[in-house]
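In what follows, a single structure is set out as structure tokens and then discussed.
Number of protein chains: 2
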Amino acid sequence: MNFVHPSREDLTLGGVLSALSDPTRLRIVRFLYENRGNCASCAEAAPCPKMAKSTLSNHFRILREAGLIHTVKHGVEHRSVLRKEDIDARFPGLLELILKLAE
Amino acid sequence: MNFVHPSREDLTLGGVLSALSDPTRLRIVRFLYENRGNCASCAEAAPCPKMAKSTLSNHFRILREAGLIHTVKHGVEHRSVLRKEDIDARFPGLLELILKLAE
DNA sequence: TCGTTAGTTCACTATAATTGAACTATTGAA
DNA sequence: TTCAATAGTTCAATTATAGTGAACTAACGA
């Protein structure tokens, strides 16, 4: 399975804001932010066990396509990392502020 | 016509981000930001004259319901102001940063 | 009163999100 | 090496939300 990730310069502000405007996705991003450096499986990063896994998969796809996370296969899991450097390079201060305001 | 505006404490981060994630709405907000203190009619604040006015009206409704603007009737026009104080009180720094990053 | 202006509301279409079911790929155990 | 379990994707169907033209409303001016 090969995931498509946009390159750093293809990140759009609208795409990032839209991706982060959903509470589930924001919680995923927060998890990855706080576990920076560590990859996390979908189940690990997702805060809602009762959510349909297809829905969750879709949220991860949206985060990927917005350029917020990078996902690679790792055994039976799909591990995701937050693309902090790319996001910060493109939109300095945005991620940190949103996560702070969402506390 | 009575418009419903959420109170300051009812503004949600998701609602604000979602509202600002649309390019048309972001341009409206930018216009109102730069003409701070002045109300603006929809036609004035809207940057796309070719857009259907029902679409535009819908964008203003979304901005209103997200708590970003305040609209009052003023003669034949509906004048909108950016609720800068409310937004800044609830989410300090967010509006300014997003507008700066969107330049 | 009639036409114009400025915007809303309605009805319809089109696009996006949610979900269960079926599918794929990897691992671990018998 | 086969079989079951795990972790997620993809598909198809439903539901919700955005975009649009047409009809409507309210205020103003001649």
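Just so you know, the protein sequences line up as chains A and B, in that order. Note that the working numbering has the first sequence beginning at 1, numbered continuously upward. Note that the working numbering has the second sequence beginning at 1001, numbered continuously upward. Virtual Cβ for every residue (Gly too), placed ideally from N, Cα, C.
Distance cut-off 6 Å: residue i Cβ against heavy atoms of the ligand NAP
i: Cys39 of chain A; result: Among the ligands in the structure shown, none appear at all, so the ligand NAP cannot be discussed.
Under 8 Å from the C-beta of residue i: neighbouring residues of chain B
i: Gly67 of chain A; result: Going along chain B, no residue has its Cβ under 8 Å from Gly67 of chain A, so there is no contact; the nearest lies around 14 Å.
i: Asp10 of chain A; result: Within 8 Å Cβ-Cβ: nothing; Asp10 of chain A doesn't reach chain B, min ~15 Å.
i: Asp88 of chain A; result: Within chain B, no residue comes near Asp88 of chain A; the closest Cβ sits about 11 Å away, beyond 8 Å.
Reference residue i; option with closest CA among the options
i: Pro45 of chain A; options: A:Leu11, A:Leu82, A:Glu65 and A:Ser18; result: Here residue 45 of chain A turns out to be Ala, not Pro, going by the sequence shown. Taking only the C-alpha atoms, the option nearest Ala45 of chain A is A:Leu82.
i: Ser1007 of chain B; options: B:Lys1100, B:Asn1058, B:Arg1064 and B:Ser1018; result: B:Arg1064
i: Tyr33 of chain A; options: A:Lys50, A:Leu68, A:Ala43 and A:Val4; result: A:Leu68
i: His961 of chain B; options: B:Ala1102, B:Leu1097, B:Leu1095 and B:Asp1086; result: No information on residue 961 of chain B is available, as it lies outside the stretch 1001 to 1103 that chain B covers here.
i: Arg1079 of chain B; options: B:Leu1017, B:Ser1018, B:Cys1042 and B:Ser1054; result: B:Cys1042
i: Leu66 of chain A; options: B:Asn1002, B:Lys1084 and B:Ser1021; result: The residue asked about is misnamed: residue 66 of chain A is Ala in this sequence, not Leu. Here the closest residue by C-alpha is B:Ser1021.
i: Asn1035 of chain B; options: B:Lys1084, B:Ala1102 and B:His1074; result: B:Lys1084
Counterpart residues of residue i in DSSP-defined beta bridges
i: Ile1069 of chain B; result: B:Leu1082
i: Ala43 of chain A; result: None, per the DSSP bridge assignment.
i: Glu1077 of chain B; result: B:His1074
8 Å Cβ cut-off: residues of chain A touching residue i
i: Leu1017 of chain B; result: Leu17, Ser18, Leu20, Ser21 and Ile98
Contacts that residue i makes with chain A (C-beta to C-beta distance below 9 Å)
i: Phe1031 of chain B; result: Near Phe1031 of chain B there are no residues of chain A at all, since even the closest Cβ is about 17 Å away, more than 9 Å.
Contacts of residue i in chain B (Cβ-Cβ under 9 Å)
i: Ala46 of chain A; result: Under the 9 Å cutoff, chain B gives no residues; its nearest Cβ is about 17 Å from Ala46 of chain A.
CB-CB length for residue i against residue j, believed under 8 Å
i: Ile1062 of chain B; j: Ala1102 of chain B; result: Actually they are not in contact, since the Cβ atoms of Ile1062 of chain B and Ala1102 of chain B sit about 17 Å apart, beyond 8 Å.
The region 1022–1029 of chain B / the region 24–42 of chain A touching (three or more Cβ pairs under 8 Å): no
Meets three-Cβ-pair contact criterion under 8 Å: the region 1090–1097 of chain B and the region 1008–1016 of chain B: yes
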